[in-house]
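Each residue of the sequence shown is one higher than the last, beginning at 2 in the numbering used here.
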Amino acid sequence: MEKKEEFKPAHEIVVDNFFIFLNESGKTMKEYASDNNIDRTTLSKWRSGVTSMTVDQIKSAAIYFGKTVNDFYYSKEEKKKLEVLSDKNYHPVMAQQSISVNDYAKYFNNPFKAINEQIYLIFVFTLISCFFSFLHPSLLAIALIYPCYLSYKINIKDNYYKKKTFIINYLDDIYYKMDDNKNHQFYSVNILSLLAIGLLLILTINQYYTAKASTGNLKIYLYIFFSVSILFMVILSSIFTEFEKEFKKEIYDNELKVYYLGFAILAISIFYLGMAIAATIMSVGLFYYIIIAFVVLVLSLIIFYLINKELKRYHLCYDNGVDVVELFKKK
2 MEKKEEFKPA HEIVVDNFFI FLNESGKTMK EYASDNNIDR TTLSKWRSGV
52 TSMTVDQIKS AAIYFGKTVN DFYYSKEEKK KLEVLSDKNY HPVMAQQSIS
102 VNDYAKYFNN PFKAINEQIY LIFVFTLISC FFSFLHPSLL AIALIYPCYL
152 SYKINIKDNY YKKKTFIINY LDDIYYKMDD NKNHQFYSVN ILSLLAIGLL
202 LILTINQYYT AKASTGNLKI YLYIFFSVSI LFMVILSSIF TEFEKEFKKE
252 IYDNELKVYY LGFAILAISI FYLGMAIAAT IMSVGLFYYI IIAFVVLVLS
302 LIIFYLINKE LKRYHLCYDN GVDVVELFKK K
């Protein structure tokens with residue numbers, strides 16, 4: 002068991018240090034008394050504990066021995082600890098943590114190139130489901146397979162985006178930061194998003210009334226189309242209500258709801274376009290479905306582009322509490 006250091010009052014530590022420094026200097030008690038114009042018996046009283054050194058006497062002794070006043074107040078064990086801390090070769094062990102951060106760089110810099118595979122697969126699944134829906138309208142559910150799988154990878158499995166892992170001190174942090182947060186495209190994104198959601202809502206309401214007046218497979222198809230549309234409207238509304246009020250200067254990788262909003266509107270608009278094509282094939286009178294769906298798709302492409310234009314200004318940064326350093330800085 003480690004032996005605990007014996008507690009000593011401060012005045013005793015001061016006196017102990019005084020006689021250590023006196024011995025190191027090679028001076029005698031008589032010589033010190035003579036050099037400082039004090040009685041020799043005063044030193045004897047310090048040693049025996051009859052009296053204590055005054056503040057002025059400690060200052061005089063510090064000057065005489067070439068020490069600091071603090072040198073008189075530290076015990077032998079405390080001085081050992083201070084020597085370790087003042088040693089240039091001493092590196093304290095800091096508690097560390099492992100942080101995994103989603104790397105969005107390629108998604109922000111090349112937004113459409115990064116998601117073209119996902120968009121292509123959503124459209125293909127939609128067309129396949131529309132084809133099978135001619136056999137039976139319930140087969141329209143095939144179109145939901147890939148979007149559900151994509152949502153699972155992004156939100157539950159959390160392995161859709163490439164991750165980078167860092168080992169940092171517990172007091173340090175890693176986050177995305179932009180040089181300024183003037184929100185150049187923020188209001189444009191909000192207005193266009195509301196317009197796109199509004200058009201989808203109009204299309205959704207129209208599906209219900211068209212379904213009521215229809216018969217056969219078209220009636221079933223439009224009711225399913227309506228039900229799926231309601232689901233998508235709920236999803237879009239929930240994302241939009243949690244949408245940040247501004248593009249913040251500093252964000253963590255899990256705060257990019259605006260990116261998911263743009264991605265969701267784009268994916269859903271493609272889904273709507275595929276379903277509108279199938280509805281038009283069933284009934285030529287529903288050609289305006291394709292027009293509305295196409296307008297929403299164009300709006301969603303503009304929204305997604307503007308969002309990424311803002312988000313590409315973010316840089317992954319490491320904050321050690323003193324400096325903020327940009328990681329993977331482009332040369």
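Just so you know, even glycine gets a beta-carbon here, dropped at the ideal spot from N, CA and C.
Please read all numbers here as calculations on a predicted model, not as lab measurements.
Proximity of the region 118-131 to the region 189-201 falls short of the contact definition, fewer than three beta-carbon pairs being nearer than 8 Å. Proximity to G263 across T166, K310 and G322 peaks at K310, based on C-alpha coordinates.
As summarised for the region 257-322, the continuous beta strand (DSSP E) elements at least 3 residues long and confined to that stretch are 316-320, given in chain order.
With a cutoff of 7 Å on beta-carbon distance, D320 and D180 are scored as not near each other. Spanning the alpha carbons of N71 and L317 requires a straight line of approximately 45 Å. The DSSP-derived three-state label of N38 is coil. Taking a 10 Å sphere around the C-beta of F288, we find fewer than 16 other C-beta atoms and assign the residue as exposed. In this chain, the alpha helix (DSSP H) harbouring Y65 covers V56 to F66.
Taking a 10 Å sphere around the C-beta of S26, we find fewer than 16 other C-beta atoms and assign the residue as exposed.
The region 211-225 and the region 273-283 touch, with no fewer than 3 CB-CB distances between them shorter than 8 Å. Residue pairing from DSSP places T166 in a beta bridge opposite S101. Residue A63 holds the alpha-carbon nearest to the alpha-carbon of N18 among L172, F272 and A63.
The beta carbon of F109 is closer than 8 Å to those of N309, L312, K313 and Y315 in its chain, skipping five residues each way along the sequence. For V15, the uninterrupted alpha helix (DSSP H) run begins and ends at A11 to S26, by DSSP.
Collapsing the DSSP output to three states places V235 in a helix.
Annotated three-state conformation of Y176 is strand, per DSSP.
Rounded to whole angstroms, S101 and A11 show a C-alpha spacing of 50 Å. According to the DSSP secondary-structure assignment, I252 is paired through a beta bridge with Y177.
Taking a contact as a CB-CB distance under 8 Å, the pair F22 and F66 counts as one, their CB atoms being some 4 Å apart.
Membership of V70 in any beta strand (DSSP E) is not indicated, and neither H nor E is assigned to it by DSSP. Remark: C-beta atoms of K46 and T52 approach each other more closely than 7 Å.
DSSP, reduced to helix, strand and coil, places V229 within a helical segment of the structure shown.
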